[in-house]
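This report concerns only the one structure given below.
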Ligand SMILES: [Zn+2]
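Residue numbers (the numbering used here): -5 to 310.
What follows is the structure, given as structure tokens:
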């Protein structure tokens, strides 16, 4: 497991890229599409779309430089299958074709999509552009022209510049809450790598994060399910929602309380704080949420104590 230095972002990026380029992917496919989206929403509450593109660009460039010898490729197109394997490591079904003008058109597909009404993958546009720019040795700007979060079947990236979109964060959060409401009983598709979650969170490591939006998201989800209005607080349902949006490593539950342990990659204080705000909003502040560090000092833990009041209503 790589060492991380919170005050040295450059080495953190290197460690992430090293994890992504290693042959053996740790616990591949153990994070849901919802938890990836939760992290994206958290990142969006701290930095703008354009900065996400730049952060992705940095990862893509570094990945090419670190994992492969540029001299090996005579034509930059030869390197594209390596970009595909990175995107597949993240958890996407990634394919590409060359357009009649000789430009790559890249498609990312996931097992189920989340409708939010916006193009949500400018970070991924950045990864693709960064990788291709480094491979070609000149700037390649790719943008997302179709998005699975915006009415299309899959996300399609091609050369060009994104048209500016103004995101309404309240609409975004409400739509995500609506998605969770419709999906909570369906099987969880844990298609994504925990390293992908860490990569999405990397740009906000030193940003000022607005956790209030995550509290609000919790409240919206609670309203969708009607926990408090109907005076029933089904613990099991709450747990299902929390499990779905969190990139946790392991989970232990006992009478009335649940403890989640996060792997070192996702043991990020801003991430843990955002989850605890979400849980507070979701449970109407009735549950007590506490954070800690494991004995090794590498893993964060999050404990949710449902208390006697909620326990009485357990499984109702
Ligand atoms: Zn997309």
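Yeah, the Cβ is synthetic: ideal placement off N, Cα and C, and Gly gets one too.
- Your pair residue 60 and residue 134 does not check out as a contact, with CB atoms roughly 19 Å apart and the cut at 8 Å.
- For residue 31, the shortest separation between its Cβ and any heavy atom of ligand 1 does not lie below 8 Å.
- Nearest to residue 124 by C-alpha distance, out of 240, 73, 296, 231, is 73.
- Annotation: the continuous alpha helix (DSSP H) that includes residue 43 extends over 43 to 61.
- With a threshold of 8 Å, the Cβ atom of residue 144 counts as near ligand 1, since some heavy atom of the ligand is closer than that.
- 9 Å or more divides the Cβ of residue 119 from the Cβ of residue 39.
- In the DSSP assignment, residue 87 falls outside any alpha helix (DSSP H) and within the unbroken beta strand (DSSP E) covering 87 to 92.
- A residue is called buried when at least 16 other Cβ atoms come within 10 angstroms of its Cβ; residue 115 meets this threshold and is buried.
- Annotated as distal: residue 156 and residue 299, with beta-carbon spacing of 9 Å or more.
- A Cβ-Cβ distance of about 20 Å is found for the pair residue 185 and residue 144, leaving them out of contact under the 8 Å criterion.
- Here residue 93 is exposed, its C-beta having fewer than 16 other C-beta atoms within 10 Å.
- Judged by their CB atoms, residue 195 and residue 36 are nearer to each other than the 9 Å cut-off.
- In the DSSP assignment, residue 271 forms no beta bridge with any residue.
- Relative to ligand 1, residue 138 has its C-beta within less than 8 Å of a heavy atom.
- Between the C-alpha atoms of residue 100 and residue 223 there is a straight-line separation of about 46 Å.
- Distances between the C-beta of residue 102 and the heavy atoms of ligand 1 include at least one below 8 Å.
- Taken in chain order, the unbroken stretches of beta strand (DSSP E) that lie wholly in the region 228 to 291 and span 3 residues or more are 244 to 248, 251 to 255, 282 to 287.
- Look at residue 110 here: in three-state DSSP terms it is coil, with no helix or strand label.
- Set against 8 Å, the gap from the CB of residue 161 to the closest heavy atom of ligand 1 is not smaller.
- Spatial neighbours of residue 46 in its own chain (CB-CB distance under 7 Å, excluding positions within 5 residues in sequence) are listed in chain order as 37, 116, 117, 120, 197.
- Taking all protein chains in view, the Cβ of residue 173 is crowded by 16 or more other Cβ atoms within 10 Å, so the residue is classified as buried.
- For residue 297, the pairing in a beta bridge is given by DSSP as 253, 284.
- Residues 174, 178, 215, 276 of the same chain have their beta carbon placed closer than 7 Å to that of residue 235, with the five preceding and five following residues left out of the count.
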